[in-house]
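Undergrad: Here's a structure for you.
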Amino acid sequence: MGEVGEWEMFEILEPATQRIPFVFNSPHSGRLYPQSFLDQSRLDAHSIRRSEDHFVDELFQSATFLGAPLLRAHFPRAFLDVNREPYELDPRMFDGALPPHANISSMRVAGGLGTVPRVVAENMEIYRGRFPVEEALTRVESIYKPYHATLRKLIARTHVQFGMAVLIDCHSMPGNVHLAASGQRPDFIIGDRYGTSAAAELSRMAVELLEQLGYAVTRNKPYAGGFITEHYGRPTRGLHALQIEINRSLYIDESTLIKKPGFSALATDLATFIGTFSRHVEDFAADLPLAAE
Numbered sequence: 002m003g004e005v006g007e008w009e010m011f012e013i014l015e016p017a018t019q020r021i022p023f024v025f026n027s028p029h030s031g032r033l034y035p036q037s038f039l040d041q042s043r044l045d046a047h048s049i050r051r052s053e054d055h056f057v058d059e060l061f062q063s064a065t066f067l068g069a070p071l072l073r074a075h076f077p078r079a080f081l082d083v084n085r086e087p088y089e090l091d092p093r094m095f096d097g098a099l100p101p102h103a104n105i106s107s108m109r110v111a112g113g114l115g116t117v118p119r120v121v122a123e124n125m126e127i128y129r130g131r132f133p134v135e136e137a138l139t140r141v142e143s144i145y146k147p148y149h150a151t152l153r154k155l156i157a158r159t160h161v162q163f164g165m166a167v168l169i170d171c172h173s174m175p176g177n178v179h180l181a182a183s184g185q186r187p188d189f190i191i192g193d194r195y196g197t198s199a200a201a202e203l204s205r206m207a208v209e210l211l212e213q214l215g216y217a218v219t220r221n222k223p224y225a226g227g228f229i230t231e232h233y234g235r236p237t238r239g240l241h242a243l244q245i246e247i248n249r250s251l252y253i254d255e256s257t258l259i260k261k262p263g264f265s266a267l268a269t270d271l272a273t274f275i276g277t278f279s280r281h282v283e284d285f286a287a288d289l290p291l292a293a294e
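For the sequence shown, the numbering used here gives the first residue as 2, with consecutive numbering after it.
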């Protein structure tokens, strides 16, 4: 797995030229675990990976060939979750006092899934015991803040170049996710924070294009998008953010984390989706001045 310090914490996969008004983000597919972190954990090296969005960065790597940047984390979600507020922290995890601006009472903190998570998967405790609060705050300062600064720059650059930007926040979900009402197992979930993070037309396009590829797709249930989608989506300013969740059972064996034979076909379908979606978005953008008149 390697020591994270030996590697870049995250990287941008850049196209030779950005040709489409998209930014892709894979914040949870990092799989480089610091040995010091593993030493702190009560979990084995396999169990601690249960909160990863396994190989999602690879599934969306075609984005760069199609003309969009892809920002991907190398640090694991279990170590630091950038899809949270910067200081959603649980004081029970640490020795020492958190700063007064820390959000210690959010639902995510209560569930053990704050900025520095307490659990992975089905409430599997990560740490053997408390650790210094300075260590958690260092993760925020040295990784979280630079990551978001990079993402903001990519979105701003795209917005300046194209007059709009569409952020696709890329995630995966466990294969056992079912919709409560129908019992349906979705292949994809498109999240737009219930219509607040992106124009409704873009959300509908994304759902329809994936359905045309033969997938079962739902919108916002049970995942409507996290902090990143909510924070960066400002559709009235031409900044649209969609979260896309992929059912892991489509492409990996969740017990072994080995890619299934269908992995390449899914990646190919996602390339088709990105290419078609980008053409629709160009048409959508072209119609915006007419809509405003």
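The C-beta atom is built at its ideal place from N, Cα and C for all residues, glycine as well.
So, helix, strand or coil for R280, using DSSP?
TA: On the sequence shown, position 279 is the one that residue 280 refers to. Of the three classes helix, strand and coil, the one that applies to R280 here is helix, per DSSP.
Undergrad: Just to confirm, are V121 and A137 a CB contact at a threshold of 7 Å?
TA: Here residue 121 is taken as the residue at index 120 of the sequence shown, counted from 1. Here residue 137 is taken as the residue at index 136 of the sequence shown, counted from 1. Not closer than 7 Å, so no.
Undergrad: Between N84, G68, L67, M206, which has its C-alpha nearest S30's C-alpha?
TA: Position 29 of the sequence shown, counting from 1, holds the residue named residue 30. It is N84.
Undergrad: If you drop the 5 nearest sequence neighbours on each side, which residues of the same chain put their C-beta closer than 8 Å to that of S204?
TA: If you number the sequence shown from 1, residue 204 lands on position 203. Taken in chain order, the residues that qualify are I191, D193, G196, R220, L243.
Undergrad: Flag this pair as touching only if the stretch 43 to 53 and the stretch 66 to 82 have three or more C-beta atom pairs under 8 Å; answer yes or no.
TA: Yes, the stretch 43 to 53 is in contact with the stretch 66 to 82.
Undergrad: Assign L44 to one of three DSSP states: helix, strand, or coil.
TA: What you label residue 44 is simply residue 43 of the sequence shown in a count that begins at 1. DSSP places L44 in coil when its eight states are reduced to three.
Undergrad: Leaving aside the five residues before and after P92 along the sequence, list all residues of the same chain whose C-beta is less than 6 Å from its C-beta, in chain order.
TA: Residue numbering aside, residue 92 sits at position 91 when the sequence shown is read from its first letter. Result list for P92: L99, I105, in chain order.
Undergrad: Suppose contacts are defined by Cβ-Cβ distances below 7 Å. Is N248 in contact with G176 by that definition?
TA: As a first step, residue 248 must be located in the sequence shown, where it is residue number 247. As a first step, residue 176 must be located in the sequence shown, where it is residue number 175. The answer is yes: Cβ separation under 7 Å.
Undergrad: Please state whether DSSP places T220 in a helix, a strand or coil.
TA: Sequence index remark: in the sequence shown, residue 220 carries index 219 (1-based). According to the sequence as given, residue 220 is Arg; it is not Thr. Three-state DSSP puts R220 in a strand.
Undergrad: May I ask you to list the residues that DSSP assigns as paired with G192?
TA: Against the sequence shown, residue 192 aligns to sequence position 191. Looking at the DSSP assignment, G192 forms a beta bridge with Q244.
Undergrad: Leaving out five residues on either side along the sequence, give the residues of the same chain with a beta carbon under 7 Å from the beta carbon of T18.
TA: Taking the sequence shown and counting its residues from 1, one reaches residue 18 at position 17. The answer, listed in chain order, is G68.
Undergrad: From this set, L114, F66, S250, I127, which residue's C-alpha is nearest R43's C-alpha?
TA: To locate residue 43, count along the sequence shown from 1; it is residue 42. Of L114, F66, S250, I127, the residue nearest in Cα terms is I127.
Undergrad: If distances are taken between C-alpha atoms only, which option among E15, F11, P147 comes closest to F66?
TA: For this step, residue 66 is matched to residue 65 along the sequence shown. When only C-alpha atoms are compared, the closest one is E15.
Undergrad: Leaving aside the five residues before and after F163 along the sequence, list all residues of the same chain whose C-beta is less than 6 Å from its C-beta, in chain order.
TA: Counted from its first residue, the sequence shown places residue 163 at position 162. Same-chain partners within the cutoff: P22.
Undergrad: Pull up the distance between the alpha-carbon of P87 and that of G97, whole angstroms please.
TA: Numbered from 1 along the sequence shown, position 86 holds the residue referred to as residue 87. Numbered from 1 along the sequence shown, position 96 holds the residue referred to as residue 97. Cα to Cα, P87 sits roughly 18 Å from G97.
Undergrad: Find the nearest neighbour of L168 within the set A200, D188, I144, P187, judged by alpha-carbon distance.
TA: In the sequence shown, the residue the question calls residue 168 occupies position 167. With distances taken between Cα atoms, L168 lies closest to A200.
Undergrad: Comparing C-alpha positions only, which one of E59, C171, E283 sits nearest to S265?
TA: Position 264 of the sequence shown, counted from the first residue, corresponds to residue 265. It is E59.
Undergrad: Here's the rule I'm using: 16 or more other beta-carbon atoms within 10 Å means buried, otherwise exposed. How should E9 be labelled?
TA: As a first step, residue 9 is located in the sequence shown; it is residue number 8 there, counting from the start. With fewer than 16 other Cβ atoms within 10 Å, it is exposed.
Undergrad: Over the uninterrupted beta strand (DSSP E) stretch that includes S63, give me the two end residues.
TA: Numbered from its first residue, the sequence shown carries residue 63 at position 62. Run containing S63: none in the beta strand (DSSP E); it sits in the alpha helix (DSSP H), 63 to 66.
Undergrad: According to the neighbour-count rule (16 or more other Cβ atoms, all chains shown, within 10 Å of its Cβ), is F228 buried or exposed?
TA: The residue you call residue 228 lines up with position 227 of the sequence shown. Label assigned to F228: buried.
Undergrad: Select from A74, P35, S256, F25 the residue whose C-alpha is nearest the C-alpha of S63.
TA: Locating residue 63 in the sequence shown gives position 62, counting from the first residue. When each option's Cα is compared against that of S63, the closest is F25.
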